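Trainee: Read top to bottom, the protein sequences are chains S and Y. Going by my numbering, the residue at position 360 of the first sequence is 346; the numbering climbs one at a time, nothing skipped. If you count the second sequence from 1, you need to add 39 to reach my numbering. The structure is given below, and queries will be raised subsequently.
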Amino acid sequence: MTDQTPNSTEGQGIAGHGSFFQQTDLSAEEAVRATDWVRKHVDRRTVDLGDRMDDVREHMYELEKEGEIIIHRITDDHEPISVKTMFGWDKKVPTKQLWHHKSCGQCGNIPGYPTSIIWFMNEFGFVPGKDYLDETDQTSCTAWNYHGSGIGNVEALAAVFLRNFHQAYVSGKQHGFELGHFFPLVHCGTSFGNYKEIRKYLVESAELREKVTKILGKLGRLVDGKLVIPEEIIHYSEWVHVMRNRIASDLQKIDVSNIRATSHVACHYYKMVHEDAVYDPTVLGGNRTAIITSVAQALGAQVIDYSTWYDCCGFGFRHIISEREFTRSFTMDRKIRVAREEANADVMLANDTGCVTTMDKNQWIGRAHDKNFSIPIMADVQFAALACGADPFKIVQLQWHASPCEDLVEKMGISWSEAKSTFQEYLKEVEAGNIEYLYNPELAYGGKA
Amino acid sequence: MQQIYDDIRGDFRYDHELNGCLNCGICTATCPSAQFYDYSPREIVQLLWTENVEQIYDAMQEKIWACAQCMTCAARCPFKNSPGGLVAIMREVAIKHEMQSAKDVLRPFGRVMLKLITTGNQLSPDMIQPDHFPDWGPNIQKVEGDLLTLRKAIPVKTLQTVETAWEVSLKTSVEMYTIWEMTGVLDSLELMDENLFDVIEDFIDEKREDYEDWLEEQEEEDDD
C-alpha cells in the first residue's frame, strides 16, 4: 500500500510539484550548506559570476594587437582605484586627469550636479586644465533622442561616441600633455549605457567599424588611421563611489546621521550592459549595485530601503516630453509615494539626469489628484557636497529643483533663508559682471583659472 | 508586411536581442509601461520568436511606442533577450517604412528633436519654463531673477548658456551635422516630418556658413 504521509513522493509528488519530485532527504547540516550555496551563488548578484559572459575588453586588446584600433588606456597617472563589477571583473576607475563629458539634460536642468562634481575636484586640490578638463568640444551622446524617437541608428550613435572620445583622447595636447592624458568621465546614465552598448557592437562588428572609420576619417578624427576606443567607460557616480571615503574623512563637515536617505539608481547605469556595473559585497550584501548607497553610507546617513527600488523612474525618453501622464503617474505612484510611505525618506538620491528630472519635476501636479506627498530628489554628489559644506545655491544649485529641498537643508543644520539671501545678493554681483568661476575653459588658451 | 519583418530580422542586433523565450513573463512583470499601457514585452518577444508577421505589423502601429526603453526587461530575462532592444529595432523599421503610427507619435517630440539635431543638446534652459511645462508647477526656479542672470550664476563657464545645456563649439556642431548626414539620420527625419526637416536643414546651412566665415577669418588673421 502506498504511504500517504505528507512526505510521500510516490505517484503524486508534494504540493503540486509533479510525480518526478523527490525528497532530498538532506540532514539539517547538509540543508544549511545547500541553502548557503544557493544564497551565495543564486540569490545574490554576487561578484563571482564572471564565466557567464565574454569580457569585451579582452576582445578590444586583441583588436589592438591586430592593429585595428587604439585603446585609450587608464594609466598610473590617472591614479585609478580598482573595483569589482557584477561579474567579478576588475574595473579601473581613474580618479584624476578626467575629461568631463557633460549631460544634455543635466546641464540644462540640474546644473548643480556637474557643478558639485567640479567643486569636489577643486576641494581635493585638483588643478583645472591639468587634473580635469571641461571643454565646449563635445556633443551629447544623442541616445536620449534615439531611445525616444527611433530616429537615428547604431552607426550614428557609434560615430558620435567615437568623435567625442577621440576629442577626449587628444584634448591634452593643447595643454602641453601627451595623447590620452585626459580620460573621459561620463556624467549621464544614458550616455554611460549607450556608449557601453555601442562599444560592444563596435568590437563585434567589422562592418560597423568599417562604416564609422569612413566617417571619423572625414572628420579628421582617426589616430594613425585607427579608431580610438576607451579601455573603460566610467560614470561619474563610480568616481564618487571610489572617492567616498576620502570625501567623508577629508571634506565632510556636517553630521548627516539624522537624515533618512533612499536611493534610486538609473536603469541605464546597471540594467543596460549590466555586467559592467559596480557591485561591492559590503554594500547591501552585493545584492544591488553599490554606487549611491555606498556614498550615503560613507557619509553616515541612514540608508533606508523601499520595495520599488528596482523600478525605473518613469522617464521613458519620449514620455517625459509627450506623454507626461505616464511619467508623472509612474514617478508618483511607484517611486515617490512608496519612498515616502515605506521609508519616510528625507531625500531620494539618484545618479542620472533623467531620473532626477522626472522625480523632481513631477511632484507638484500630484496635488491635483490628492497626492499630497513629496520628497527632495537630487544626485548623490549634490547631497555629498551639501554634507561637505558646499553652498546650497552657489554650488549645489538647488534653486533649479522643483521638489521641496528646504526642509532637508534645514534638517542638515544649514539655514535655507540665509543661503538664499546671500545668493540673491550674489545675483546683483552677477548682473554687474562680477561672476565667480570654479573653472575657466579659457585656461586652454592661456586664460586665468 | 513581409518586408517589414525581414528588415527587423535583418538588423545585425537581432540575434543579440532575441535568443528564445520561456514565456516566463518576468519582463512584463517588471515593465513600467506594462502597468499603464496595453503593452507587454513578453508579447513582443513572442511575436518575433514565432514569426507572426501580421501581428508584428499590428504591434508596430501603436504598442511599440509605449516602451520606456529602460531595459529592465533585458536585465531580468533568463534567456538574455532584450525586448526593449527589439523595440528599438522595430521603431527604426517603422520609420523607414513611413508608418503613420511613427508620424503621429513623434509629432509632439518634434520641438525636442529640433533642439537636439541642431545643437547636440536635448533639453535647454529656455525650454524648461512654466509655459512649456505647466504641470511642473509655477516655481520652476526657487529664486527670482531672469534666466540669463541665473545661468551666469552657475560657476562653470560652459554652462552659462540659455539656448543650449552647455556651450557647444561651432566646429563640434558642424561635425555632428556631417554624422547626421552620412548615417542617414536626416533622411529618416525627412520621412517622418518634412516641415521639421526643412527647418533643420536651413539651420544647418546657416551654421555651416558661419563656420566657413569663421575659418576664413582665422586664415586672414594668420596672414596678418
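Just so you know, even glycine gets a beta-carbon here, dropped at the ideal spot from N, CA and C. Computed from a predicted model, the values in this text were never measured in an experiment.
(1) Is there a Cβ of chain S sitting closer than 9 Å to that of tryptophan 219 of chain Y, yes or no?
(2) Do arginine 130 of chain Y and tryptophan 104 of chain Y have their CB atoms nearer than 9 Å?
(3) Per the DSSP calculation, glutamine 288 of chain S is bridged to which residue(s)?
(4) So, with DSSP's three-state summary, where would you put serine 68 of chain S?
(5) For glycine 302 of chain S versus glycine 134 of chain S, is the C-beta spacing smaller than 9 Å?
(6) Please classify lysine 51 of chain S: is it buried, with 16 or more other beta-carbons within 10 angstroms of its beta-carbon, or exposed?
(7) In the DSSP assignment, find the unbroken beta strand (DSSP E) run with proline 170 of chain S in it and report its ends.
(8) Spell out whether any CB of chain S is found under 9 Å from the CB atom of valine 238 of chain Y.
(9) Determine which residues of the region 246 to 266 of chain S have a Cβ less than 8 Å from any Cβ of chain Y, and write them out in chain order.
(10) Leucine 188 of chain S and alanine 154 of chain S: beta carbons closer than 9 Å?
(11) Taking any Cβ of chain Y, which residues in the region 88 to 114 of chain S have a Cβ under 7 Å from it, in chain order?
(12) List the residues of chain S that methionine 110 of chain Y touches, going by C-beta distances under 8 Å, in chain order.
(13) Which residue wins for smallest C-alpha separation from valine 92 of chain Y, given the options Y/Cys116, Y/Asp249, Y/Trp253 and Y/Asp45?
(14) Counting C-beta neighbours from all protein chains within 10 Å, is the total for valine 113 of chain S 16 or more, i.e. buried, or is it exposed?
(15) Are the C-beta atoms of aspartate 174 of chain Y and some chain S residue less than 9 Å apart?
(16) Taking all protein chains shown into account, do 16 or more other C-beta atoms lie within 10 angstroms of the C-beta of lysine 200 of chain S, making it buried, or fewer, making it exposed?
(17) Among the residues of its own chain, which have a CB less than 7 Å from the CB of arginine 52 of chain Y, if the five just before and after it don't count?
(18) Any idea which residues DSSP pairs tryptophan 88 of chain Y with across the strands?
(19) So which residues on chain S does glycine 223 of chain Y lean against when the C-beta distance must stay under 9 Å?
(20) By a C-beta neighbour count over all protein chains shown, 10 Å radius and 16 as the cutoff for buried, is methionine 46 of chain S buried or exposed?
(21) In chain S, which residues lie less than 9 Å from leucine 139 of chain Y when you measure between Cβ atoms?
(22) From histidine 387 of chain S to methionine 40 of chain Y, what does the alpha carbon distance come to, in whole angstroms?
(23) Could you pull out every residue in the same chain whose Cβ sits closer than 7 Å to the Cβ of glutamate 101 of chain Y, ignoring the five residues on either side in sequence?
(24) Check whether the region 177 to 193 of chain S and the region 253 to 260 of chain S are in contact - that is, three or more C-beta pairs closer than 8 Å.
(25) Using the rule of at least 16 other Cβ atoms within 10 Å of the residue's Cβ for burial, across every protein chain shown, is methionine -13 of chain S buried or exposed?
(26) For alanine 114 of chain Y, would you say it is in contact with chain S, using Cβ-to-Cβ distances shorter than 9 Å as the test?
(27) Are any of the Cβ atoms in chain Y nearer than 9 Å to that of valine 172 of chain S?
(28) List, in chain order, every chain S residue whose beta-carbon is nearer than 7 Å to that of serine 227 of chain Y.
(29) Give the interface partners of valine 146 of chain S over in chain Y, defined as CB-CB distance under 8 Å, in chain order.
(30) Have a look at the DSSP bridge pairing and note the partners of alanine 336 of chain S.
(31) In or out: alanine 276 of chain S buried (at least 16 other Cβ within 10 Å) or exposed?
(32) Nearest to isoleucine 307 of chain S by CA position, among S/Trp295, S/Arg320 and S/Lys347, is which residue?
Mentor: Looking at the coordinates:
(1) Here residue 219 of chain Y corresponds to residue number 180 of the second sequence, with the count starting at 1. So yes, tryptophan 219 of chain Y belongs to the interface.
(2) Along the second sequence, one-based indexing puts residue 130 of chain Y at 91. Along the second sequence, one-based indexing puts residue 104 of chain Y at 65. Taking 9 Å as the Cβ cut-off, arginine 130 of chain Y and tryptophan 104 of chain Y qualify as a contacting pair.
(3) Position 302 of the first sequence, counting from 1, holds the residue named residue 288 of chain S. Partner(s): S/Arg246.
(4) Within the first sequence, the letter at position 82 stands for residue 68 of chain S. Strand.
(5) For the purposes of this step, residue 302 of chain S is identified with residue 316 of the first sequence, where counting begins at 1. For the purposes of this step, residue 134 of chain S is identified with residue 148 of the first sequence, where counting begins at 1. Taking 9 Å as the Cβ cut-off, glycine 302 of chain S and glycine 134 of chain S qualify as a contacting pair.
(6) To locate residue 51 of chain S, count along the first sequence from 1; it is residue 65. Counting Cβ neighbours within 10 Å, lysine 51 of chain S comes out exposed, since fewer than 16 surround it.
(7) Within the first sequence, residue 170 of chain S is the residue found at index 184, counting from 1. Looking at the DSSP string, the run of the beta strand (DSSP E) that includes proline 170 of chain S is 169 to 172.
(8) Residue mapping note: residue 238 of chain Y aligns to position 199 of the second sequence, counting from 1. It does not; no Cβ of chain S falls within 9 Å.
(9) Cys253, His254, Tyr256, Lys257, Met258 and His260
(10) What you label residue 188 of chain S is simply residue 202 of the first sequence in a count that begins at 1. What you label residue 154 of chain S is simply residue 168 of the first sequence in a count that begins at 1. No, these two residues do not count as a Cβ contact at 9 Å.
(11) Under the 7 Å Cβ criterion, the region 88 to 114 of chain S contributes Lys88, Cys90, Gly91, Cys93, Gly94, Asn95, Pro97, Pro100, Thr101 and Ile104.
(12) Here residue 110 of chain Y refers to the residue found at position 71 when the second sequence is read from its first residue. Ordered by position in chain S, the residues that pass the 8 Å Cβ test against methionine 110 of chain Y are Gly179, Cys253, His254, Lys257 and Met258.
(13) The count along the second sequence starts at 1 and reaches residue 92 of chain Y at position 53. Answer by Cα proximity: Y/Asp45.
(14) Within the first sequence, the letter at position 127 stands for residue 113 of chain S. Counting Cβ neighbours within 10 Å, valine 113 of chain S comes out exposed, since fewer than 16 surround it.
(15) Taking the second sequence and counting its residues from 1, the one referred to as residue 174 of chain Y is at position 135. Answer yes: the Cβ-Cβ gap between aspartate 174 of chain Y and chain S drops below 9 Å somewhere.
(16) Here residue 200 of chain S refers to the residue found at position 214 when the first sequence is read from its first residue. Counting Cβ neighbours within 10 Å, lysine 200 of chain S comes out exposed, since fewer than 16 surround it.
(17) Residue 52 of chain Y sits at position 13 when you count from the first residue of the second sequence. Counting only Cβ-Cβ distances below 7 Å, and skipping sequence neighbours, we find Gly124 and Ile128.
(18) Here the question's residue 88 of chain Y lines up with position 49 in the second sequence. Answer is none; tryptophan 88 of chain Y lacks a bridge partner.
(19) Within the second sequence, the letter at position 184 stands for residue 223 of chain Y. What glycine 223 of chain Y touches in chain S: Asn139, Glu141 and Ala142.
(20) Residue 46 of chain S sits at position 60 when you count from the first residue of the first sequence. Looking at its Cβ environment, which holds 16 or more other Cβ atoms inside 10 Å, methionine 46 of chain S is buried.
(21) As a working mapping, residue 139 of chain Y is identified with position 100 in the second sequence. According to the sequence provided, residue 139 of chain Y is glutamine. The question's leucine does not apply to it. By Cβ distance, chain S contributes nothing, its closest Cβ being about 14 Å from glutamine 139 of chain Y, past 9 Å.
(22) Working through the first sequence from its first residue, we reach residue 387 of chain S at position 401. Working through the second sequence from its first residue, we reach residue 40 of chain Y at position 1. Between histidine 387 of chain S and methionine 40 of chain Y, the C-alpha separation is close to 47 Å.
(23) Taking the second sequence and counting its residues from 1, one reaches residue 101 of chain Y at position 62. Excluding sequence neighbours, glutamate 101 of chain Y sits near Ser140.
(24) yes
(25) Numbered from its first residue, the first sequence carries residue -13 of chain S at position 1. The predicted model places methionine -13 of chain S with a pLDDT of 39, which falls under 50 and marks its position as unreliable, so this point remains unresolved.
(26) Position 75 of the second sequence, counted from the first residue, corresponds to residue 114 of chain Y. So yes, alanine 114 of chain Y belongs to the interface.
(27) If you number the first sequence from 1, residue 172 of chain S lands on position 186. Answer no: the Cβ-Cβ gap between valine 172 of chain S and chain Y never drops below 9 Å.
(28) For the purposes of this step, residue 227 of chain Y is taken as the residue at position 188 of the second sequence. Chain S residues near serine 227 of chain Y: Ile137.
(29) Taking the first residue of the first sequence as position 1, residue 146 of chain S is located at position 160. Simply Met215 and Ile218.
(30) Sequence index remark: in the first sequence, residue 336 of chain S carries index 350 (1-based). Alanine 336 of chain S pairs with S/His250 and S/Ala365.
(31) Walking along the first sequence from the start, residue 276 of chain S turns up at place 290. Label assigned to alanine 276 of chain S: buried.
(32) As a first step, residue 307 of chain S is located in the first sequence; it is residue number 321 there, counting from the start. Nearest of S/Trp295, S/Arg320 and S/Lys347 to isoleucine 307 of chain S, Cα basis: S/Lys347.
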